[in-house]
Amino acid sequence: MSILGTRVLRTEDPKFLTTGGVYTEDVVDERLGGAYHVTFVRSPIAHARITSVDVSAALEAPGVVAVITGADLAELPAIPPAAAGLINPAMEQRLLATDKVRYVGDAVAAVVTEHPYQGEDAVELVQVDYDPLPAVLGYDPEDSSLLFEAAGTNVGGYWGDPSQLKADLFDGCEVVVSHTIVNQRVAPAPMETRAAAAVWADNGRLTAWIPNQGAQGTKAEMATRLGVEASQIRIITPDVGGAFGAKFGADPEHVVVAWIARHLGRPARWTETRYENLIAMTHGRAQQHTVTIGGSRDGNVQAYRLEIVQDAGAYPRIGAVLPMLTILMTTGPYDIPKAEAIAKVVVTNTTPIGAYRGAGRPEATAALERAIDLFATEIGVDPADVRRKNLLAPFTEPHRTAFGALYDTGDYVVALDKALAAADYPALRKEQAERRASGSVRQLGIGVASYVEITGMGDGEGTPPEENATVEVHPDGTATILTGTSPHGQGHATAWAMLASDELGIPVEKITLKWGDTDLIPEGGGTGGSRSLQQGGAAVQQAAQELVEVAKQRAAAELEASAADLVFDKTRSAFNVAGDPEASVPLTQLAENERLVIRTVFSQPGATFPFGTHVAVTEVDTETGKVTLQRVITVDDAGVVLNPLLAEGQRHGGIGQGAAQAFLEEVVYDADGNPLTASFADYPIVSATEVPSYELADMATPTSYNPLGAKGIGEAGSIGSTPAVQNSVIDAVAHLGVRHIDMPVSSRRVWEAIRAARQEHGPRAGSEHS
Amino acid sequence: MTRIELTVNDEKRSDDVEPRLLLVHYLRDVLGLRAANVGCDTTSCGACTVLLDGKSVKSCTVLAVQAAGHEVVTAEGLSSGGQLHPVQAAFRQEHGLQCGFCTPGMVMAAVGLLSENPHPTEEQVRTGLEGNLCRCTGYHNIVRAVLAAADASSGGGDQPGRNPASAEVTA
Chain A
1 MSILGTRVLR
11 TEDPKFLTTG
21 GVYTEDVVDE
31 RLGGAYHVTF
41 VRSPIAHARI
51 TSVDVSAALE
61 APGVVAVITG
71 ADLAELPAIP
81 PAAAGLINPA
91 MEQRLLATDK
101 VRYVGDAVAA
111 VVTEHPYQGE
121 DAVELVQVDY
131 DPLPAVLGYD
141 PEDSSLLFEA
151 AGTNVGGYWG
161 DPSQLKADLF
171 DGCEVVVSHT
181 IVNQRVAPAP
191 METRAAAAVW
201 ADNGRLTAWI
211 PNQGAQGTKA
221 EMATRLGVEA
231 SQIRIITPDV
241 GGAFGAKFGA
251 DPEHVVVAWI
261 ARHLGRPARW
271 TETRYENLIA
281 MTHGRAQQHT
291 VTIGGSRDGN
301 VQAYRLEIVQ
311 DAGAYPRIGA
321 VLPMLTILMT
331 TGPYDIPKAE
341 AIAKVVVTNT
351 TPIGAYRGAG
361 RPEATAALER
371 AIDLFATEIG
381 VDPADVRRKN
391 LLAPFTEPHR
401 TAFGALYDTG
411 DYVVALDKAL
421 AAADYPALRK
431 EQAERRASGS
441 VRQLGIGVAS
451 YVEITGMGDG
461 EGTPPEENAT
471 VEVHPDGTAT
481 ILTGTSPHGQ
491 GHATAWAMLA
501 SDELGIPVEK
511 ITLKWGDTDL
521 IPEGGGTGGS
531 RSLQQGGAAV
541 QQAAQELVEV
551 AKQRAAAELE
561 ASAADLVFDK
571 TRSAFNVAGD
581 PEASVPLTQL
591 AENERLVIRT
601 VFSQPGATFP
611 FGTHVAVTEV
621 DTETGKVTLQ
631 RVITVDDAGV
641 VLNPLLAEGQ
651 RHGGIGQGAA
661 QAFLEEVVYD
671 ADGNPLTASF
681 ADYPIVSATE
691 VPSYELADMA
701 TPTSYNPLGA
711 KGIGEAGSIG
721 STPAVQNSVI
731 DAVAHLGVRH
741 IDMPVSSRRV
751 WEAIRAARQE
761 HGPRAGSEHS
Chain C
771 MTRIELTVND
781 EKRSDDVEPR
791 LLLVHYLRDV
801 LGLRAANVGC
811 DTTSCGACTV
821 LLDGKSVKSC
831 TVLAVQAAGH
841 EVVTAEGLSS
851 GGQLHPVQAA
861 FRQEHGLQCG
871 FCTPGMVMAA
881 VGLLSENPHP
891 TEEQVRTGLE
901 GNLCRCTGYH
911 NIVRAVLAAA
921 DASSGGGDQP
931 GRNPASAEVT
941 A
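Protein chains in written order, with my numbering: chain A, 1 to 770; chain C, 771 to 941.
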């Protein structure tokens, strides 16, 4: 019986549970002996000119070896904005700020010390004089204060042409509803902060240990920033303590640490504090949406417009590109005859925006699912019915949307109905009606969100997504897999071993996975965008199959038989002549004669589109606004599941993070651009007490794009749960006249919305409604 | 420098330390016990949780000198003879860990919780682990693991002690 589809426990776990993972800060390596420690001096002001940097006092402090400023790095090229063709090219970043600082946390200098505690002391002694400038904040920043004078504007650029929006888009609609919604800025906050350890060998070659999501991409970016050949760099990926999209590539700090190691001729290490992590690691989301939705009174959605403003933060990084994905997924799982979307990218004096679990797609879903609910409330039709009426019919041949997305397979109505059934939706609505009728202080809210998302995208137009894998069988009966993916919690060591085991008949625990060392694995796309299983896993399976074919030829020679007469007996991991089990040769023997190793590349026709529906149930105290998340019920169809244990774990984690955005988490700045959420004491990161156990219903519609039938599952949870939870809270108080509350739908916001609605509709609006 | 003597994972230790050295840094940098991690600056995340005289504490908020004369147990000292402690085994069985960074601290917090309350309800588990943050699991399987460990320990006595028989460490 195949091991595929079974709940194999993780082979990674014993180490993590006992001695712990070996994260970058834990790395003990003789090459790093005597390493200096780097501590960054960061701007305490959101927007200012740097008038002087005086390092003399710091240099006198105990243990200080050097203090590096932007002037020292003048030889290194500036970092251009992401999507330089579309984003104003003047919006570039220096590795250390030189003329200006543009957000609280912008690195100005780096103190190098013998020991880490000395660095903490010495950064206080670096005297930076700032000439403060007005902070630029919000989604409609004026140009009276410019982040980049050379750009002449705080608008980075546009995705789509605002002048092309159609004035008549909503002609013929009986009902049109519009609302401006904020998809707030949140912190990825992986439990392991950023870190680096770097050393240059005598031959001028850099070895750097960096927590990342794809060592090959980190190497490429490091090479560009340092201005050295990529061949001169080796990135090693230790265990990585979570990433959530925020550990791709090489950040400026990583590059500075590597530069310092070369400059001083000694290895250098850096581990950021949580304070630094919350102000200087990229944030996520930060989009404002103006949604307009129109349709008929009986619930047919006929037109939809999504106008996005992306706050890219101080420097346009990947966050400036993510609106492209939001636009791509504008109409989600629905059949909407007319739709259009555009995005404006602005820069502000805040932490740069990067990818965060879902990266552009949760924003599309949140906007659309809020719009659907606004429309349903306006016409007085159950929001689940409005969804059912407008979801695309099932399809098995790819479906092209008006925005160019090519959905591979989908069965959206079934996903909706399964989720509603698992939640017992009619019973929930009945209980809600009873509570409304009784005027209970504790009102029940039911939120529904249907979604489709995109996983495993390629690099761009015409580039099929692909990944490589190498499988080797050793004479001792073990096997090694090299992968271009980069696990940081997903369980690839177990999952990829399952795939190889299934082909080779070698037990999972005898198969070792290696990743993230660019000398060993020069190419690879890393792990992100929920791509790993469908491409990296498929490559492992393909490599193992090719290995068996190669081995078969060798076995034929060994057994002096025709390859066509050989069968592979997986129970013994050996070939034998059909009908003659005695005439056999095991893979181990073939490996002894000659290395038995195959490298292959799996190429996928395109991205895949997982889908599902989430239902959230919340209780809202109408006197205090307190929100209690009671249930989250989800259907997440990501095709065929390789290991349900791992897939469920991915769903749980996504659901938790998505729900946290809906009602808890937000990065907050004051009017001067000072971050108010720069520690875990202030940033309301979700804890075990704020979420329930999740209820998962299964559905698996295979994709034909890979032999596993698998789509991505890493981000789906965070895409469906956010709008489901938000919708549920608003639904709980909708009968009081509340139509919308921005995320996070915190107690205060709910209380204020109830109060505002009561002032508008009268104090007894609620009890009269039901 | 101050001389401290203490017991860590059943071994007597004696070291000269800076008075301001945190217990977590003593464990990690002086003793090389790196299971406990530093995940925040504010005693919020619990990644550094260890047992001090049997009670779970955040070792980022204890000075090494304060641990002098006391007994410290870390995740490294929980398992023995290649056997996972029942709480560790339950975390594996229930897939209560992903990236692993919070895991040693989470496990120690769970051991501390179960020693105080051997049969917690789900709500008590959630409240008991409120000071330990995990960004990967959504807490679902962590809660399952702690409840499963409580169930498992009820068969062989209520004390989730140091070295009971359990699942093998290897796969």
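Virtual Cβ for every residue (Gly too), placed ideally from N, Cα, C.
What residues in its chain sit with their C-beta under 6 Å from that of residue i, if we drop five residues either side in the sequence?
i	result
A:Gln288	Tyr139, Val182 and Val309
A:Ala90	Phe148, Ala150 and Ala151
C:Thr940	With a pLDDT of 38 at C:Thr940, under the threshold of 50, the predicted position of this residue should be treated as unreliable, though the coordinate-derived value follows. So the list is empty, once near-sequence residues are dropped.
A:Ser767	At A:Ser767 the pLDDT is 45, less than 50, meaning the model places this residue with poor confidence; the figure from the coordinates comes in the next sentence. Hits under 6 Å: Gly439.
C:Ser784	Glu775
A:Ala405	Leu328
A:Val176	Phe170 and Gly294
Distance check for residue j and residue i, CA to CA, integer angstroms please.
i	j	result
A:Val441	A:Glu619	10 Å
A:Phe575	A:Asn593	15 Å
C:Gly901	C:Gln858	19 Å
A:Val381	C:Arg862	46 Å
A:Pro77	A:Thr224	8 Å
A:Arg10	A:Ala638	21 Å
A:Ala286	A:Asp311	6 Å
A:Asn727	C:Asp823	47 Å
A:Pro464	A:Trp515	22 Å
C:Glu938	C:Gly852	For C:Glu938, the pLDDT reaches just 42, beneath the cut-off of 50, and the residue's location in the model is therefore unreliable, leaving the point undetermined.
A:Gly673	A:Val104	7 Å
A:Leu392	C:His865	35 Å
A:Arg531	A:Lys510	25 Å
A:Leu736	A:Arg388	26 Å
A:Thr613	A:Ser603	29 Å
A:Gln650	A:Arg357	11 Å
A:Gln776	A:His283	Nothing about residue 776 of chain A can be reported from this structure: the residues present for chain A run from 1 to 770 only.
A:Thr273	C:Gly809	8 Å
A:Ala220	A:Val550	34 Å
A:Pro522	A:Val473	21 Å
A:Asn212	A:Thr218	7 Å
Confirm, please, whether the CB-CB distance from residue j to residue i is below 9 Å.
i	j	result
C:Arg798	C:Leu833	no
C:Ala880	C:Gly908	no
C:Arg905	A:Met191	yes
A:Ala659	A:Val617	no
A:Ala208	A:Val257	yes
A:Gly484	A:Gly712	no
A:Thr348	A:Leu146	no
A:Ala268	A:Val112	yes
A:Pro771	A:Asp373	Nothing can be reported for residue 771 of chain A, as the shown portion of chain A is limited to 1 through 770.
A:Ile754	A:Thr622	yes
A:Val65	A:Ala107	no
C:Val913	A:Ser693	yes
Could you pull out every residue in the same chain whose Cβ sits closer than 8 Å to the Cβ of residue i, ignoring the five residues on either side in sequence?
i	result
A:Gly265	Trp200
C:Ser924	Pro888 and His889
A:Ala583	Leu559, Ala561, Asn576 and Val577
If we cut at 9 Å on Cβ distances, does residue i have a partner in chain E?
i	result
A:Ile719	No chain E is present in this structure, whose protein chains are A and C.
In chain order, what residues of the same chain lie with their CB nearer than 7 Å to the CB of residue i, ignoring the 5 residues before and after it?
i	result
A:Pro141	Asn154, Val346 and Thr348
A:Val738	Ile730, Ala753, Ile754 and Ala757
- Message: To test your reading of the DSSP string, which unbroken beta strand (DSSP E) runs of 3 or more residues are found completely within the stretch 292-353 of chain A?
- Response: 301-311 and 338-346
- Task: With a floor of 3 residues, list each beta strand (DSSP E) that falls wholly inside the stretch 848-879 of chain C, ordered by position along the chain.
- Result: none
- Segments of 4+ residues assigned as alpha helix (DSSP H) that fall wholly inside the stretch 900-928 of chain C: 910-925
- Task: Kindly provide the ranges of any alpha helix (DSSP H) runs that are 4 or more residues long and lie completely inside the stretch 527-568 of chain A, ordered along the chain.
- Result: 538-559
- Item | Cβ pair count under 8 Å reaching 3, the stretch 333-348 of chain A against the stretch 693-709 of chain A | no
- Are three or more beta carbon pairs between the stretch 777-796 of chain C and the stretch 234-243 of chain A nearer than 8 Å? no
- At least three beta-carbon pairs within less than 8 Å, the stretch 79-98 of chain A to the stretch 54-61 of chain A: no
- So, do the stretch 492-503 of chain A and the stretch 536-552 of chain A have three or more beta carbon pairs nearer to each other than 8 Å? yes
- Message: As an exercise, report each continuous alpha helix (DSSP H) stretch of at least 4 residues that is fully enclosed by the stretch 161-236 of chain A, in chain order.
- Response: 215-226
- Task: Please specify which runs of the beta strand (DSSP E), each continuous and at least 3 residues long, are wholly inside the stretch 36-123 of chain A, giving them in chain order.
- Result: 36-42, 48-54, 64-69 and 107-113
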